[in-house]
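Q:
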Amino acid sequence: MDSQLQRTKTNPLEQLKANPLITKSELQEAFLQLAHPLKSHYSEGHARVKLGVTGVHYGPDIAEMEGFSRVLWGFVPFLAGGGEDDMWELILDGIRNGTDPGHQEYWGEVADYDQRLVEMAAFGYALSLIPERIWTPLNSQERANLYTWLNQMNAHPCHDCNWLFFNVLVNLGFRTAGLPYDGQQLENNLRRIDDFYLSDGWYSDGIGGHMDYYVPFALHFYGLLYAKLMGDEDPERSRVFKERAVKFAEEFIHWFAGDGSALPYGRSLAYRFAQSAFWGALAFAEVETMPYGVIKGLILRNMRWWLKQDILNEEGVLTIGYAYPNLVMAENYNSPGSPYWSLKFFMPLALEDNHPFWLSEELPLPELKTLAVQQPAHLVICRQPETDHVAAFNSGHLSTNEHTHTSAKYEKFVYSTAFGFSVPRSEWGIAQGAFDSMLALSEAGDNLYRVRRQNIETRIEDNILYSRWKPWANVEVQTWVVAGLPWHIRIHRVQTGRALDAAEGGFAVALEPAFQELRSADGYAVTAVSSHGVSGVLGLAGYREAVMIRPQTNTNVLRPRTAIPTLLAGIAPGTHWLVSAFYGEPCLMSSLGMEEPRNEDGTEADVLSGDGLSVRNTDPLLLLGIQLTGSEIRITSHCGRNLVIPLV
């Protein structure tokens with residue numbers, strides 16, 4: 009490594025944060041700074057890595073095998089690109105023992121849909137890129153053991169989603185290493201994956217599945233790896249994978265802010281900087297859909313952003329969570345070793361030192377549209393350049409699944425790089441539910457709330473998103489969201505056969521010493537102000553009051569303590585309309601032009617109240633082209649289309 013990387017501090021977290029992440033050698037160093045803290049956690053036979061005691065649905069033995077396998081996602085490109093480290097010998101020992109049926113740390117016989125099928129993909133990656141480092145050092149018996157253990161992949165089905173690529177990677181590894189492989193399964197799985205393709209570069213994660221980070225860091229990541237390795241043998245499919253990636257790059261770039269942060273949305277957020285793995289795969293496959301400097305900037309800024317977050321423990325080990333350690337938002341399949349899926353980020357390390365990616369100067373984000381409609385993903389992405397805020401407005405989905413917190417991760421009205429989103433802590437009341445960016449409904453007095461989880465109908469027209477959903481058999485909600493930043497409007501038509509309590513939340517703001525709460529004199533508006541930004545709600549029709557909810561801790565993915573401006577309403581059986589405006593901007597109150605509350609003598613007031621709520625003195629209805637009358641709502645979209653909603 010370069011001498012310039014010598015660190016004066018010994019704390020692994022501080023060393024990693026001090027890494028400027030500019031050159032290839034600095035990125036190599038960053039990988040080792042993440043990998044080396046694992047050394048003390050290897051088992052005696054080096055085939056397992058135990059990083060904690062929290063549970064996972066597939067049990068501790070497989071979890072420790074997962075902890076072993078996931079470091080390969082970083083080590084493979086590190087070695088392929090010329091890196092050297094003696095930790096690899098420890099890993100080779102683990103491979104020898106983990107695949108030896110006679111060893112006490114044998115990884116075992118797998119079952120259908122087994123988690124170990126997931127982990128085999130990293131070995132296929134290694135056989136494809138570095139056969140001389142993983143295969144050549146083994147003796148004949150060790151090679152037979154490794155092949156036999158991996159070949160179980162061809163005897164067991166995978167889930168009908170991105171998992172099919174795990175079989176592809178193992179068979180691709182066999183093929184690259186000159187070993188027998190199942191060409192028919194390889195072909196069948198590639199054809200089935202093709203069925204998941206939608207349009208504009210988007211796949212769904214299985215038929216009817218979601219369009220989330222599994223599209224970039226799984227489906228496209230593996231497709232680009234295949235295209236790079238099989239370009240000569242399978243040119244047509246490789247061309248298609250690359251062409252789809254080009255289209256997707258034009259969409260996915262809108263998910264990133266200029267500071268390197270990306271939209272927190274969907275499941276598996278504990279894989280953190282795998283968010284930008286797609287860009288590394290794009291460079292690896294030499295798909296220059298945009299200048300290498302832009303791709304480089306997307307990758308490096310994302311990692312720099314992550315290293316500003318509290319994602320490591322005191323040993324330098326990645327934790328389960330998002331911007332801080334957090335089991336509340338974790339998946340049922342998140343073991344202590346799961347976050348090392350993040351190491352897929354390091355794919356660019358496989359590129360030679362003189363590759364244009366490394367020689368190019370890092371460039372900022374190009375100028376992007378302030379509003380981008382992504383129909384296949386059910387999203388409208390809004391960008392506020394002056395505050396570097398990116399928000400994804402969501403029409404919702406027609407299908408759902410049983411993953412943890414699916415409604416919070418996929419069905420909120422908006423997701424934000426600045427404010428994140430929240431998940432429920434428990435089922436009792438608004439504070440436990442943490443209902444930011446969502447309409448929550450409860451039977452009157454029951455205090456058990458339901459939210460949008462699955463939709464009957466959705467559509468997007470310009471910046472207007474529509475959905476129809478039924479939280480109960482005799483309750484139907486029609487929702488229109490008029491997307492924009494910093495203001496957006498929500499309109500709900502609630503047709504109910506039962507009395508309901510309603511709570512509708514805005515963006516969640518950090519609850520900190522600098523936190524301030526501002527209320528309007530009429531009680532229909534409340535704003536939360538913190539050093540991170542401002543979030544406000546304004547009831548326009550149908551609500552009885554605005555309140556500040558302090559949800560239970562560790563519910564927001566970005567900040568452990570938050571406050572959520574919330575509108576409340578009581579709804580009798582019948583048809584009712586709820587209309588509201590929501591404000592979110594990631595900057596200080598003084599920069600917003602907000603009025604500081606004053607006493608009559610002009611001195612600063614001790615209590616924030618009254619008309620100090622006014623932000624930018626802007627009428628959100630006028631700003632977003634909305635006219636609200638006694639009989640109808642007229643909306644003019646950002647493209648000039650008109651929508652009339654009769655209030656019946």
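Counted from 1, the sequence shown has number 473 at position 465 by the numbering used here; the numbering is strictly sequential.
All residues carry an ideal CB built from backbone N, CA and C; glycine is no exception.
Which stretch, first to last residue, makes up the beta strand (DSSP E) that contains MET556?
A: Here the question's residue 556 lines up with position 548 in the sequence shown. MET556 -> beta strand (DSSP E) spans 553-557.
Q: Mapping the DSSP letters down to three states, classify PHE131 as helix, strand or coil.
A: Taking the sequence shown and counting its residues from 1, one reaches residue 131 at position 123. The answer is helix: DSSP assigns PHE131 an H, G or I state.
Q: Just reading off the beta strand (DSSP E) that ILE103 is part of, what are its end residues?
A: Your numbering for residue 103 matches position 95 in the sequence shown. It is not in any beta strand (DSSP E) - ILE103 instead sits in the alpha helix (DSSP H) that spans 95-106.
Q: Is it true that the CB of GLY91 sits closer than 8 Å to the CB of LEU326?
A: In the sequence shown, the residue the question calls residue 326 occupies position 318. In the sequence shown, the residue the question calls residue 91 occupies position 83. In this structure, GLY91 does not lie closer than 8 Å to LEU326 by Cβ.
Q: On the three-state DSSP scale, how would you describe GLU469?
A: Along the sequence shown, read from residue 1 onward, the residue named residue 469 stands at position 461. Correct three-state label for GLU469: strand.
Q: Could you tell me the boundaries of the alpha helix (DSSP H) in which VAL537 lies?
A: Taking the sequence shown and counting its residues from 1, one reaches residue 537 at position 529. That residue, VAL537, is in no alpha helix (DSSP H); its beta strand (DSSP E) goes 533-538.
Q: For CYS647, count neighbouring C-beta atoms within 10 Å of its own C-beta (all shown protein chains included) and say buried if the count is 16 or more, exposed if not.
A: In the sequence shown, the residue the question calls residue 647 occupies position 639. When all chains shown are included, CYS647 counts as exposed.
Q: Which word fits GLN36, buried or exposed, when buried means at least 16 other C-beta atoms lie within 10 angstroms of its C-beta?
A: Along the sequence shown, one-based indexing puts residue 36 at 28. Buried, since its Cβ has 16 or more Cβ neighbours within 10 Å.
Q: Could you tell me whether the Cβ atoms of TYR423 and HIS405 are closer together than 8 Å?
A: Start at 1 with the first residue of the sequence shown, and residue 423 comes out as number 415. Start at 1 with the first residue of the sequence shown, and residue 405 comes out as number 397. Contact: no.
Q: How many Å lie between PRO224 and VAL656 at the Cα?
A: Working through the sequence shown from its first residue, we reach residue 224 at position 216. Working through the sequence shown from its first residue, we reach residue 656 at position 648. Whole-angstrom Cα-Cα distance: 43 Å.
Q: By Cβ distance, which residues of its chain are closer than 8 Å to HIS49, with the 5 residues on each side in sequence left out?
A: As a working note, residue 49 is residue 41 in the sequence shown. The residues are VAL57, LYS58, LEU59, GLY75 and VAL325.
Q: Please go through the region 335-382 and give each complete alpha helix (DSSP H) segment of 4 or more residues, from N-terminal end onward.
A: Here the runs fully enclosed are 364-367.
Q: Going by C-alpha distance, which of PHE83, ASN162 and VAL254 is nearest SER193?
A: In the sequence shown, residue 193 corresponds to position 185, counting from 1. Looking at the sequence provided, one finds Gln at residue 193 rather than Ser. Among PHE83, ASN162 and VAL254, the Cα nearest to that of GLN193 is on ASN162.
Q: Below 8 Å between beta carbons: does that hold for GLU323 and PRO45?
A: Your numbering for residue 323 matches position 315 in the sequence shown. Your numbering for residue 45 matches position 37 in the sequence shown. Their beta carbons are under 8 Å apart, which means GLU323 touches PRO45 by this criterion.
Q: Answer with buried or exposed for PRO20, where buried requires no fewer than 16 other C-beta atoms within 10 angstroms of its C-beta.
A: Looking up residue 20 in the sequence shown gives position 12. Buried is the call here.
Q: In whole angstroms, what is the alpha-carbon distance linking ALA442 and THR378?
A: In the sequence shown, the residue the question calls residue 442 occupies position 434. In the sequence shown, the residue the question calls residue 378 occupies position 370. Those two C-alpha atoms are separated by around 29 Å.
Q: Quick test of your reading: ARG558 and ALA439, contact by CB under 8 Å. State the CB separation rounded to the nearest angstrom.
A: Taking the first residue of the sequence shown as 1, we reach residue 558 at position 550. Taking the first residue of the sequence shown as 1, we reach residue 439 at position 431. About 7 Å; that satisfies the 8 Å criterion.
Q: Measuring alpha carbon to alpha carbon, tell me which of LEU546, ALA400 and ALA71 ends up nearest HIS262.
A: To locate residue 262, count along the sequence shown from 1; it is residue 254. Of the listed residues, the one whose Cα sits closest to HIS262 is ALA400.
Q: Rounded to a whole number of angstroms, what is the C-alpha to C-alpha distance between SER350 and TYR279?
A: Looking up residue 350 in the sequence shown gives position 342. Looking up residue 279 in the sequence shown gives position 271. Roughly 5 Å between the two C-alpha positions.
Q: Determine which residues share a DSSP beta bridge with ASN650 and list them.
A: Counting from 1 along the sequence shown, the entry for residue 650 is found at position 642. Looking at the DSSP assignment, ASN650 forms a beta bridge with THR644.
Q: Could you compute how far the alpha carbon of ARG458 sits from the alpha carbon of LEU359?
A: Here residue 458 is taken as the residue at index 450 of the sequence shown, counted from 1. Here residue 359 is taken as the residue at index 351 of the sequence shown, counted from 1. Going from the Cα of ARG458 to the Cα of LEU359 covers about 49 Å.
Q: Please state the DSSP three-state secondary structure of ASN196.
A: Taking the sequence shown and counting its residues from 1, one reaches residue 196 at position 188. DSSP places ASN196 in helix when its eight states are reduced to three.
Q: Name the residue from GLY53, LEU237, GLU375 and ALA426 whose alpha carbon lies nearest to the alpha carbon of ALA134.
A: Within the sequence shown, numbered from 1, the residue matching residue 134 stands at position 126. Selected option, being the one with the closest Cα: LEU237.
Q: So which of ASN455, ALA235, MET446 and VAL490 has the shortest CA-CA distance to TRP477?
A: One-based indexing of the sequence shown puts residue 477 at position 469. Nearest of ASN455, ALA235, MET446 and VAL490 to TRP477, Cα basis: MET446.
Q: DSSP state of GLN317, grouped into three classes?
A: As a working note, residue 317 is residue 309 in the sequence shown. Coil.
Q: Are the beta-carbon atoms of ASN27 and ALA38 separated by less than 8 Å?
A: Your numbering for residue 27 matches position 19 in the sequence shown. Your numbering for residue 38 matches position 30 in the sequence shown. Yes, the Cβ-Cβ distance between ASN27 and ALA38 is below 8 Å.
Q: Could you give the DSSP three-state label for GLU72: helix, strand or coil?
A: Counting from 1 along the sequence shown, the entry for residue 72 is found at position 64. GLU72: helix per DSSP, three-state reduction.
Q: Hey, ALA416 and PRO393 are a contact pair by Cβ (cut 8 Å); roughly how many whole angstroms apart?
A: As a first step, residue 416 is located in the sequence shown; it is residue number 408 there, counting from the start. As a first step, residue 393 is located in the sequence shown; it is residue number 385 there, counting from the start. Not a contact, Cβ separation roughly 28 Å.
Q: CB-CB under 8 Å to ALA448, same chain, minus the five flanking residues each way: which ones, in chain order?
A: What you label residue 448 is simply residue 440 of the sequence shown in a count that begins at 1. Result list for ALA448: ILE438, GLY441, TYR457, ARG458, VAL459, ALA510, ALA511, GLU512 and GLY513, in chain order.
Q: ASN175 by DSSP, collapsed to three states: which one?
A: Residue 175 sits at position 167 when you count from the first residue of the sequence shown. Here ASN175 sits in helix by DSSP.
Q: Have a look at ALA522, LEU526, LEU575 and ILE579 and flag the residue whose alpha-carbon is nearest the alpha-carbon of GLU484.
A: Position 476 of the sequence shown, counting from 1, holds the residue named residue 484. Considering only alpha carbons, the answer is ILE579.
Q: Could you check what DSSP says for PRO28 in three-state terms: helix, strand or coil?
A: Locating residue 28 in the sequence shown gives position 20, where the first residue counts as 1. Three-state DSSP puts PRO28 in coil, outside helix and strand.
Q: Can you tell me the Cα-Cα spacing of SER645 and ARG498, whole angstroms?
A: To locate residue 645, count along the sequence shown from 1; it is residue 637. To locate residue 498, count along the sequence shown from 1; it is residue 490. Rounded to whole angstroms, SER645 to ARG498 spans 14 Å at the Cα level.
Q: Locate the alpha helix (DSSP H) running through ALA152, then write down its first and last residues.
A: Your numbering for residue 152 matches position 144 in the sequence shown. Its alpha helix (DSSP H) spans residues 148-158.
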